[in-house]
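Below is one structure, written out as structure tokens, with a few remarks after it.
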Amino acid sequence: MVNGACPACGTRVLAGEAFCESCGHDLSTAPAGPCTACGACAVGPDGYCENCGMLQPTGRDHVEIEAAYSAAVSDRGLRHSRNEDAMALLPGGQGAVVAVVCDGVSSSPRPDEASQAAADVAAAAIVKRLADGDDAQAATREAVRLAADAVAAAARPGEDSPACTYVSAIVLGRQVTVGWVGDSRAYWLGGQSALLTEDDATPGTHMLTAWLGADAGEVVPHVRTFTTDGPGAVLLCSDGLWNYYPEPEALAATALHDTPLVAARRLVRLAIEAGGHDNITVAIIPFGQGERTDTTVAFPKERSD
Amino acid sequence: MTDFTIRVDQNKYLPAGSQEVHGIITVEASGPVRSASVAEAAEVIIIDTSGSMSYGKINDARKAAQAAVDTLRDGVHFAVISGNHQAEVIFPGSGRLAPADFHSRQAAKEAIARLRAEGGTAMGRWLRRAADLFSAHQAEHPGAIRHAILLTDGKNEHEPAPEFDANLAYSAGKFVCDCRGVGTDWVVAEVRRIGSTLLGSVMDVRRPEELEADFRAMTEAAMGKTVADIALRVWAPRAAKLNFVKQVSPALEDLTGRRTEVDALTGDYPTGAWGGETREYHVSVSVPPGNVGQEMRAALVKLVQPATGEVMASGNILAQWSDDPVQSTRINPRVAHYTGQQELASLIQEGLQARNDGDVETATARLGKARGIAERAGNEETAKLLDKVIDVDPATGTARLKRVVDKADEIALDTRSVRTVRMRKDPES
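Heads up: the sequence lines are chains A and B, in that order. Just so you know, we're using the UniProt record's numbering here: the first sequence kicks off at 1 and counts up by one. Just so you know, we're using the UniProt record's numbering here: the second sequence kicks off at 1 and counts up by one.
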């Protein structure tokens, strides 16, 4: 949103504001002014110019977030016309860090809205649930349920259902709780780097076997908690990264010796240089920093599933 | 109320610099079988009573018309027109449509029983007469289903071409007309023009005794329609060119020339009345060249009721430029299937034309190729009909025109060339 007026109430709003200060209207979905291709003031609510037909960039072409000593970077890549990945990164209570990455399914309508809704709803739900005293696994399951509802509610009659993947991590104390639906991944990077998730996809293909969406039926997330002393980092990513760099060791070698933001940017850059076929999203949460000298366990031990 | 859904099948990826986009639009209508507005529906039965109908054909036509009258639901408004070089409303006598009940059906059937075959053929005048009846009805019942059945056995010989054109244009949009040709003296192209303009089907009826069942089935189908005057509304970007809009299932119908402008970028294409049914449309758009990664909407297709502006369903045809040849060279199977069905129909029509013109070489090439497509695409009925006009050696593929062809088979092949089959195997089911 550039500086302008709220489309709902007309109050003046500033660039970068997500909601209208006066009426609360969600400005992220508002038309972004004149068409970037033909200049006509005719961009429809679905993002296509009603004069020349061009799909407008959503303002998510390249996004960076830094919070709680962690970082997340999302990029459109080279082949897609918009970024259909979404991410959220929030501090929870008691030093917890919450990260969510969602990848909109390109063949579904408005996948960018689906992924953004899922990431926003899930991250907020986890923070609230943790504050209410839930454990990380219960908070994750509730977050997936609410995110699935939000995506399902975006379906409109007469079209396919919007859909997206989901992966989240809650880093709290010595524990990492990972939840996922679809083929977005979580990695442990450190001593004995490892993939923590198992894709919900037919092996060797990108055919999802589970996703969030009105056509997905009941969504049952995988939820796992790992315990580790670190040091290292938890990495969440969409397939735009792991299509090129699936190996945990290679990811660790690239990511571990910089600040999270620099590392996330570097991984995104590598995926783009490798072809940038898909949208790329990377979130990095450092783990056990400052305790490197007294590491006892390098590889995270799984506590439960 | 009838519920509509639109589904778009396409490959949106274009190689850089490429401009042509194709999509197959599947429109599915579902909803209550019985319409709430049965009492407003209107049906006109038009029977050819020219001299050539004598010798038994008129007898079967009478039975067929009576069967159609029996099939009308109570309350449906109807009339019967006897057509030769003039048009006479033989029922009711009031000059307007009469609601169907026991007594009106009896009276109509008695009037039909008195039909005699004499005089010439002027189909345009029959249609104009029907159009006036429907217009009067529509003034009192806006939104009513308006349907006619036209039966003919001959050439339109007693009406000058300009008058026929004017009468047909006058009737367009006022009702949907399903046409039937009986015997071998009618001209497929002529009757097809009526069916196309009035958005109805055209079929050949080989034996007059088959008319009765056919008329009953047609009337039943008409009684199943629940919503009238639906249009396909197509938007295309300012710099784009809408190449064509065609119905491709259940039969081919080029709607491109039937556009009514809504605004500079949007036009309505008529589709007539709908019941519980599925139809498919092929839309092609040429868009300005774009950059790799850029996505655009090449067309927005809506199903609308133009009278009220109500949008029943909508779907996007998209274009996205890609430098990945795996993406951009893939042809959507449904687009490929219906492109093949259109080619098949053209080959048959051109082949039959060449055959009648004495151009054996062209006829053999076209019809032989058609036989191969029909076989591969699953057009079994068409393949059988082709076998009656051409021999193809299964081993060598060599085609040879048959020396003797039953005129009824040639008419059937021509008439049914526009009927398509759905994809044999739906990759998504």
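Glycine included, each C-beta is placed from N, C-alpha and C at the ideal position.
Inter-residue Cα distance where the pair is residue i and residue j
| i | j | result |
| --- | --- | --- |
| residue 203 of chain B | residue 50 of chain A | 42 angstroms |
| residue 150 of chain B | residue 399 of chain B | 37 angstroms |
| residue 92 of chain A | residue 70 of chain A | 12 angstroms |
| residue 84 of chain B | residue 51 of chain B | 8 angstroms |
| residue 407 of chain B | residue 374 of chain B | 21 angstroms |
| residue 191 of chain A | residue 336 of chain B | 53 angstroms |
| residue 151 of chain A | residue 43 of chain B | 47 angstroms |
| residue 237 of chain A | residue 186 of chain A | 7 angstroms |
| residue 79 of chain A | residue 183 of chain B | 60 angstroms |
| residue 72 of chain A | residue 273 of chain B | 54 angstroms |
| residue 162 of chain B | residue 215 of chain A | 56 angstroms |
| residue 276 of chain B | residue 155 of chain B | 34 angstroms |
| residue 144 of chain B | residue 170 of chain B | 19 angstroms |
| residue 230 of chain B | residue 307 of chain B | 9 angstroms |
| residue 404 of chain B | residue 65 of chain B | 34 angstroms |
| residue 200 of chain B | residue 181 of chain B | 13 angstroms |
| residue 229 of chain A | residue 174 of chain A | 6 angstroms |
| residue 4 of chain B | residue 318 of chain B | 21 angstroms |
| residue 170 of chain A | residue 209 of chain A | 24 angstroms |
| residue 204 of chain A | residue 274 of chain A | 19 angstroms |
| residue 329 of chain B | residue 111 of chain A | 24 angstroms |
| residue 2 of chain B | residue 264 of chain A | 52 angstroms |
| residue 298 of chain A | residue 223 of chain A | Because the pLDDT of residue 298 of chain A is 45, which lies under 50, any placement of that residue in the model is unreliable, and the number read from its coordinates should be weighed accordingly. Whole-angstrom Cα-Cα distance: 21 angstroms. |
| residue 255 of chain B | residue 269 of chain B | 6 angstroms |
Strand pairing of residue i, partner residues [DSSP]
| i | result |
| --- | --- |
| residue 53 of chain B | For residue 53 of chain B, which the question treats as bridged, DSSP gives no partner whatsoever. |
| residue 279 of chain B | B:27 |
| residue 132 of chain B | DSSP, once it has assigned bridges, lists no residue as partnering residue 132 of chain B. |
| residue 296 of chain B | A:54 and B:319 |
| residue 281 of chain A | A:74 |
| residue 235 of chain A | A:187 and A:284 |
| residue 91 of chain B | B:80 |
| residue 4 of chain B | B:29 |
| residue 242 of chain A | Partner(s): none; residue 242 of chain A has no beta bridge. |
| residue 147 of chain B | B:43 and B:176 |
| residue 170 of chain B | Its beta-bridge partners do not exist; DSSP assigns none. |
| residue 400 of chain B | B:391 |
| residue 97 of chain A | A:91 and A:171 |
| residue 164 of chain A | A:104 and A:212 |
C-beta atoms of residue i and residue j nearer than 8 angstroms
| i | j | result |
| --- | --- | --- |
| residue 67 of chain B | residue 212 of chain B | yes |
| residue 49 of chain B | residue 251 of chain B | no |
| residue 246 of chain B | residue 286 of chain B | no |
| residue 281 of chain A | residue 149 of chain A | no |
| residue 175 of chain B | residue 134 of chain B | yes |
| residue 164 of chain A | residue 118 of chain A | yes |
| residue 338 of chain B | residue 280 of chain B | yes |
| residue 77 of chain A | residue 276 of chain A | yes |
| residue 284 of chain B | residue 244 of chain B | yes |
| residue 376 of chain B | residue 350 of chain B | no |
| residue 268 of chain A | residue 61 of chain A | no |
| residue 189 of chain A | residue 90 of chain A | no |
| residue 107 of chain B | residue 72 of chain B | no |
Neighbourhood of residue i by C-beta, 7 angstroms cutoff - its chain only, sequence neighbours within 5 removed
| i | result |
| --- | --- |
| residue 316 of chain B | 8, 297 and 300 |
| residue 157 of chain B | 120 and 121 |
| residue 55 of chain A | 47, 48, 81 and 82 |
| residue 16 of chain B | 292, 321 and 323 |
| residue 431 of chain B | Lying before the first or after the last residue shown, residue 431 of chain B is absent from chain B, which here runs from 1 to 429. |
| residue 386 of chain B | 367, 370, 371, 374 and 413 |
| residue 162 of chain A | 108, 109, 110, 111, 113, 114, 151, 154, 155 and 213 |
Nonlocal neighbours in the same chain, by C-beta distance under 8 angstroms from residue i, ignoring five residues either side
| i | result |
| --- | --- |
| residue 146 of chain A | 121, 122 and 125 |
| residue 337 of chain A | In the structure as shown, chain A starts at 1 and stops at 305, and residue 337 of chain A therefore has no counterpart that could be examined. |
| residue 395 of chain B | none |
| residue 260 of chain A | 66, 69, 70, 71, 233, 284, 285 and 286 |
Residues of its chain near residue i, where Cβ-Cβ distance is below 6 angstroms and the 5 sequence neighbours each way are ignored
| i | result |
| --- | --- |
| residue 352 of chain B | 414 |
| residue 127 of chain B | 167 and 171 |
| residue 388 of chain B | 409 |
Any chain D beta carbon closer than 8 angstroms to residue i
| i | result |
| --- | --- |
| residue 5 of chain B | The chain labelled as chain D is not found among the protein chains of the depicted structure, namely A and B. |
### Message
Does the stretch 6-22 of chain B come into contact with the stretch 78-86 of chain B, if we say contact requires no fewer than three beta-carbon pairs (one atom in each stretch) closer than 8 angstroms?
### Response
As far as the Cβ criterion goes, the stretch 6-22 of chain B does not touch the stretch 78-86 of chain B, which means the pair count is below three.
### Query
Quick check: the stretch 210-223 of chain A against the stretch 181-199 of chain A, are there 3 or more CB pairs under 8 angstroms?
Pairwise C-beta distances place the stretch 210-223 of chain A in contact with the stretch 181-199 of chain A, as three or more of them are shorter than 8 angstroms.
#### Entry: Touch test, the stretch 139-153 of chain B against the stretch 213-229 of chain B, Cβ-Cβ under 8 angstroms, three pairs minimum
With a cut-off of 8 angstroms, the stretch 213-229 of chain B and the stretch 139-153 of chain B count as touching, because enough Cβ pairs lie within range.
### Message
Measuring CB atoms only, is the stretch 131-143 of chain A touching the stretch 105-114 of chain A, in the sense that at least three cross pairs come out at less than 8 angstroms?
### Response
Remark: fewer than three beta-carbon pairs, one from each stretch, lie closer than 8 angstroms, so the stretch 131-143 of chain A and the stretch 105-114 of chain A are not flagged as touching.
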